[in-house]
Amino acid sequence: MKPRVAKGTRDFSAAEVAKRHYVMSILRETFEIFGYSPLETPSFENIETLMGKYGEEGDRLIFKILRSGDFLRHASNPTEPKASEIADKALRYDLTVPFARYVVQNAGQLALPFKRYQMQPVWRADNPQKGRFREFYQCDADVVGSKSLWQEVELVHLYHQAFSTLRLPVTIRLNNRKVLAGIAEVSGVGDRLVDFTVALDKLDKIGREGVVAELEAKGFTAEEIRHLEPSMQPFASSLDSLAFLRSWLASSSVGMQGVEELEFVLSHVGEVSTVVDITLARGLNYYTGCIMEVTANEVAMGSVGGGGRYDDLTGIFGLRDVSGVGISFGLDRIILCLEDLKRLPAALTAGPRALMFHLSEEDGAAAYQLTAQLRKQGLHIEFYPEPAKVKKQFDYALKREIPYVLFYGGAEQAEGLVQIKNITTGDQESVPVDQVAARIATL
RNA sequence: GUGGUUGUAGCUCAGUUGGUUAGAGCGCCUGAUUGUGGUUCAGGAGGUCGUGGGUUCGAGACCCAUCUUCCACCCCA
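In terms of our numbering, the first sequence is numbered consecutively and its last residue is 454.
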């Protein structure tokens, strides 16, 4: 059989790991600057912790783990066993539900508001396609236990600061679930909010006709669609959108509340580049207030982040009235953007600085000894294991992009000198053995 | 889950209406060149043609199944 990674998964080479670490270290630093603490949860949970939390589609996409041993012993019909009978654990599907589980499980001990960030892989049994995998990292920051809209303001600033540090200019699009509910209410389709928002969310992708067609297909009447149509118009600015919503949604208390929340956030984010976009919907299963999505300004990549407020997340685990709000960074897409724009630092790889040549059997021991000494001085150096042809050792250094090669054979050993050669320029110099590490550090 | 698509050497790919022993470029190994490379030249290794069935005198090619790749839908990051 041919060795290959499982469907929808990836290996990360040294160069790719370096890029991921670079972005993640900036995210980690930013999270901690804003007062978020790290949390890690297990890669799998009890299956009932996850099932039913992501809607009917979600359950299908959860990776279920077979019971150990004779997994069929609990099946009522062994020839056609039910998933719930033969699987008792499941792989983490996102970071938010395990976080909610953690909060409820430790409700007594946590100081509220509780702010945590989490960067771990999640798994989905989805069909892979462009930019979509069955194993991928989520980088989330959430705060629970505070209804204050200052949290939303803070998260906008967190987004801004993280992307500024990454040198990736972005626009943060804002909306509020209550505004969407208000629109549905004043249009007389309050009972079909999800169908409406799922269609509206596609406006930028399939256009106005496309949205209307989808609404028709979902059973909306012509009159209902006519009522909803103002939501599909373009607005010149955030202020225009809000002014329009103010008059349109005047009869809906929930709608007006949404408008006021948006106004509050908008008035406190300062210079940060935000725009109100009432077609923005996002994950409808639990968001209840503000929702936000981040897009890169200079490259068409879809969203590089998103989040929102969920008033009842811990409710699914029996803890009522704990409001949460959180954001997520799309690690893979951020890296793709930075690659496109050539904004990744040039020297990310952490390979060795030097390669000690192994020139002959007799000289090997002394060369290795010097290598060990240089390592104690902190030099990242590799010792070529065989006394191979010099050409071969050069080729190896080139391929591994090791910048300096060291010659320490019989002649050098007699004089107590080391030849340091720059592999790209070809420059070569002799340096006393006790100065080698210091010399390479200055090169 | 639905529809389409892909799979031939380590990599990128040729391979005629089904017909001897399946090719190229790059890479790899050896030598020219016993401690100063990237070039050049000569030689060499490497393939159960994704897998399993089937059609046929004969299958890399045709049919079925399955896995995989990529794309779209659903949904989502």
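C-beta: ideal position from N, C-alpha, C; glycine also.
L409 vs I392 beta-carbon contact at 8 Å: No, they are not a contact pair.
In DSSP terms, what I183 is bridged to: Answer is T285 and V305.
Bridge partner(s) assigned by DSSP for M4: The structure shown has nothing for residue 4, since the chain only spans 12 to 454.
Cβ neighbour criterion (16 or more within 10 Å) applied to D374: buried
Residues that V336 bridges to, as DSSP identifies them: V154 and R320
Nearest candidate by alpha-carbon position, reference Q388, set Q439, R450 and V333: R450
Exposed unless 16 or more other CB atoms sit within 10 angstroms - verdict on W161: Exposed, because fewer than 16 other Cβ atoms sit within 10 Å of the Cβ of W161.
Chain-order list of residues whose beta-carbon lies under 8 Å from that of F23 (same chain, five-residue window excluded): If we look at F23 and ignore the five residues flanking it on each side, its Cβ neighbours are R31.
Sheet register partners of S95 (DSSP bridge): According to DSSP, S95 bridges with nothing at all.
Contact the stretch 111 to 127 vs the stretch 274 to 292: 3+ CB pairs below 8 Å: no
As assigned by DSSP and simplified to three states, the class of M245: One detail in the question is off: residue 245 reads as Pro in this sequence, not Met. In this structure, P245 counts as coil in the three-state DSSP scheme.
Terminal residues of the beta strand (DSSP E) in which E440 lies: Q439 to P443
Boundaries (first-last residue) of the alpha helix (DSSP H) holding L409: V401 to R411
Close Cβ partners of E372 (< 8 Å) along its chain, the five nearest in sequence each way excluded: P398
Status (buried if at least 16 other CB within 10 Å, exposed otherwise) for T41: buried
Contact check, V197 vs S262, beta carbons under 8 Å: yes
For V315, three-class secondary structure by DSSP: strand
Per-residue burial, K403 [other beta carbons within 10 Å of its own, 16 or more giving buried]: exposed
F207: first and last residue of the uninterrupted alpha helix (DSSP H) it sits in: L204 to L211
Proximal residues to L191 (C-beta, below 8 Å), its chain only, five neighbours per side dropped: L204, F207, T208, L211, G269, I289 and A292
Distance CB(Y415)-CB(K400) smaller than 8 Å: no
Own chain residues within Cβ distance below 8 Å of P180, not counting five before or after: Contacts found: F174, S284, A307, N308 and E309.
M243 vs L273 beta-carbon contact at 8 Å: no
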